[in-house]
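J.: Below are the structure tokens for one structure; questions will follow.
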Amino acid sequence: MSLAGTARGALLTAAFALLGACKVGPDYRVPEQSLINAPAANGPFISHGDSALAADDVPAHWWRLYEDEALDALISEAFATNTDLRAAGAALARSEALLREARTLRQPSLPIEAGIERSQVSGEQFLLPIRPPVSNDYEISFSIGYDLDLFGAIRRGIEAAAADHEAVAAARDLVRINVAAGTARAYADVCGAGLELATLERSLQLQERSLALTRELRDAGRATDLDVTRSRQLVEQLRSNVPPLAGAQRNALYRLATLTGRAPSQIDAGLLNCRSPPRLLQALPVGDGAALLRRRPDVRRAERQLATATAGIGVATAQLYPDIQLGGSLGSLGRTADFNTPPTNFWNIGGLVRWQANQSAGRARVAAADASAQLALAGFDGVVLESLREAETALNTYLHDLQREGILRAARDDAAQAAADARQLLIGGRATEIVVIDAERTLVAAEQSLAQLQVAIASDQVAVFLALGGGWGDAR
Numbered sequence: 000m001s002l003a004g005t006a007r008g009a010l011l012t013a014a015f016a017l018l019g020a021c022k023v024g025p026d027y028r029v030p031e032q033s034l035i036n037a038p039a040a041n042g043p044f045i046s047h048g049d050s051a052l053a054a055d056d057v058p059a060h061w062w063r064l065y066e067d068e069a070l071d072a073l074i075s076e077a078f079a080t081n082t083d084l085r086a087a088g089a090a091l092a093r094s095e096a097l098l099r100e101a102r103t104l105r106q107p108s109l110p111i112e113a114g115i116e117r118s119q120v121s122g123e124q125f126l127l128p129i130r131p132p133v134s135n136d137y138e139i140s141f142s143i144g145y146d147l148d149l150f151g152a153i154r155r156g157i158e159a160a161a162a163d164h165e166a167v168a169a170a171r172d173l174v175r176i177n178v179a180a181g182t183a184r185a186y187a188d189v190c191g192a193g194l195e196l197a198t199l200e201r202s203l204q205l206q207e208r209s210l211a212l213t214r215e216l217r218d219a220g221r222a223t224d225l226d227v228t229r230s231r232q233l234v235e236q237l238r239s240n241v242p243p244l245a246g247a248q249r250n251a252l253y254r255l256a257t258l259t260g261r262a263p264s265q266i267d268a269g270l271l272n273c274r275s276p277p278r279l280l281q282a283l284p285v286g287d288g289a290a291l292l293r294r295r296p297d298v299r300r301a302e303r304q305l306a307t308a309t310a311g312i313g314v315a316t317a318q319l320y321p322d323i324q325l326g327g328s329l330g331s332l333g334r335t336a337d338f339n340t341p342p343t344n345f346w347n348i349g350g351l352v353r354w355q356a357n358q359s360a361g362r363a364r365v366a367a368a369d370a371s372a373q374l375a376l377a378g379f380d381g382v383v384l385e386s387l388r389e390a391e392t393a394l395n396t397y398l399h400d401l402q403r404e405g406i407l408r409a410a411r412d413d414a415a416q417a418a419a420d421a422r423q424l425l426i427g428g429r430a431t432e433i434v435v436i437d438a439e440r441t442l443v444a445a446e447q448s449l450a451q452l453q454v455a456i457a458s459d460q461v462a463v464f465l466a467l468g469g470g471w472g473d474a475r
């Protein structure tokens, strides 16, 4: 080879190498102007100084902080059998397969064809009044094709598929969070309804005692029929509260069955005996805004969707440039009797260039892809804002319910002191049984209000952990 030919070959090789490394469209990175980079989104929560909250990060298994074996078992069962999680796992497996398929586009195509037939052509087709002979024919061919992907359309497509796969993984993690929180909340509702039923039963017993005493006083001429009627009415009002609570407890049990992948008839009815909803008395570990945004899968999913849309700009832009493919084939075609003889063998090698001279449609697709990326960025910012709002709202509700609990606890303590004083007066002969029962009835009403709030606080704690995005880290 001459020196000039060698130089030309080297130049062509270098040119193809440079073109092969070319990728059109923007390289993805989280935009600097995105809200996830804003200092206000990464600082402490508004209520970070409250003694009920700790700066520690949320643990992956936050429900184990309750040290409740029944709750641990239910969430483990839900992770193993929940139908939404099974569907999310299948979606992730499908996404992984699609990503593997996308990556194969960078490999050469290698189709192989082979066939054999026994046939007879029509003589009249060739204007011959004869019967052509029957022949045995065969065909074997091997082809190879390779897209040089000079402008990165395939590579950008793989980037988009990889980002989309990661978005599906984040969606699976989001389902896991909701399953954990949903199971904990359903369990808390079962036990919370049990606590309210127990308090209501005590109140009902006291009111029945009051009704019996009122009847005795009426028979002794110290009370009227109206007093009996009013006392009986209070008893019936209290009894009317039992069915809704019992029904709500059953419904929570059925929710628990669905979450754990079981029919309602298969759930453990022994859970109906629970009278104490799970409650953390220690400071809740909540971290800060930066940890929240790193942890929440919906934020990660939105960011990966933005990466997918950005890669789509490169895919659309690459279509404005020529697509160059190289290929060749080798084979043999003819009668079986002449198999693999020079007259039957063939081969070819060459290249193909495709380019759309009219760029109007292509440029419109680029503009659409760019708009899709802007849409994804707006969605990403929206998810960031919504995540912060949900966290702040959950923390605010929890802390204000804690304040209200302190007030109701003080009211309950005052009612307990009043009931104790009434009993002492009864012993000293300075009060009647009705005064004592009324004082105890006030105490039970205070205990009912406190019990209802304690049930709400148990739900508040689950809502905090849900808003903070805890519960998926061990899935990896």
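According to numbering that gives the first Met the number 0, the sequence shown is numbered sequentially starting from 0.
For every residue, glycine included, the Cβ atom is placed at its ideal position computed from N, Cα and C.
#1: Is P284 buried or exposed, if buried means 16 or more other CB atoms sit within 10 Å of its CB?
#2: How would you call N81, buried or exposed, if buried means at least 16 neighbouring beta carbons within 10 angstroms?
#3: Any idea what DSSP makes of Y397, helix, strand or coil?
#4: Taking buried to mean at least 16 other C-beta atoms within 10 Å of its own C-beta, is S386 buried or exposed?
#5: Let's test the definition: count the other Cβ atoms within 10 Å of the Cβ of P277 and tell me whether it reaches 16, buried, or not, exposed.
#6: Can the beta-carbon of A368 be found closer than 9 angstroms to that of A308?
#7: Taking all protein chains shown into account, do 16 or more other C-beta atoms lie within 10 angstroms of the C-beta of H399, making it buried, or fewer, making it exposed?
#8: Based on DSSP bridge pairs, tell me the residues matched to G350.
#9: Report the residue from S75, S121 and L244 whose alpha carbon sits nearest the alpha carbon of L196.
#10: Does Y65 come out as helix, strand or coil in the three-state DSSP assignment?
#11: Ignore the nearest five residues each way along the sequence and tell me which others in L11's own chain have a CB closer than 6 angstroms to its CB.
#12: Does R221 come out as helix, strand or coil in the three-state DSSP assignment?
#13: Does the separation of the CB atoms of G361 and A315 fall below 9 angstroms?
#14: Applying the criterion that 16 or more other CB atoms from any shown protein chain within 10 Å of the CB defines a buried residue, is L407 buried or exposed?
#15: For G8, is the classification buried or exposed, using 16 other Cβ atoms within 10 angstroms of its Cβ as the cut-off for buried?
#16: Tell me the rounded alpha-carbon separation between A89 and D49.
#17: Where are the beta strand (DSSP E) runs, 3 residues long or more, that stay fully inside the region 75 to 161, in chain order?
#18: Between which two residues does the alpha helix (DSSP H) holding Y27 run?
#19: I need the straight-line Cα distance from V57 to A40, nearest angstrom please.
#20: Quick check on the burial criterion: 16 or more other C-beta atoms within 10 angstroms. Buried or exposed for R475?
#21: Which one of V461, V234, L109 and A419 has the shortest CA to CA distance from T508?
#22: Check each candidate in A72, V189, A262 and R299 and name the one with the smallest Cα separation from V29.
#23: Using only the alpha-carbon positions, how far apart do A192 and R411 sit?
#24: L339 by DSSP, collapsed to three states: which one?
#25: Can you list, in chain order, the residues of its chain with a C-beta nearer than 7 angstroms to that of N344? Leave out the 5 residues immediately preceding and following it.
T.: Quick look at the numbers:
#1: buried
#2: buried
#3: helix
#4: buried
#5: buried
#6: yes
#7: exposed
#8: L325
#9: L244
#10: helix
#11: In this prediction, L11 scores a pLDDT of 46, lower than 50, which makes its location untrustworthy; the coordinate-derived value is nonetheless stated afterwards. Contacts found: none.
#12: coil
#13: yes
#14: buried
#15: Residue placement at G8 is poorly supported in this model, since its pLDDT is 49, which falls under 50; the coordinates still yield a value, given next. By the neighbour-count rule (16 or more Cβ atoms within 10 Å), G8 is not buried but exposed.
#16: 42 angstroms
#17: 111 to 118 and 134 to 146
#18: Unbroken run through Y27: none, as it is neither H nor E.
#19: 17 angstroms
#20: Any reading at R475 must be qualified, since the residue scores a pLDDT of 42, below 50, and its modelled position is unreliable; the value itself is stated next. With fewer than 16 other Cβ atoms within 10 Å, it is exposed.
#21: The structure shown does not extend to residue 508, since the chain is modelled only from 0 through 475, so no value can be given for it.
#22: R299
#23: 20 angstroms
#24: A small correction: the amino acid at residue 339 is Asn; Leu does not occupy that position in the sequence shown. Correct three-state label for N339: coil.
#25: S331
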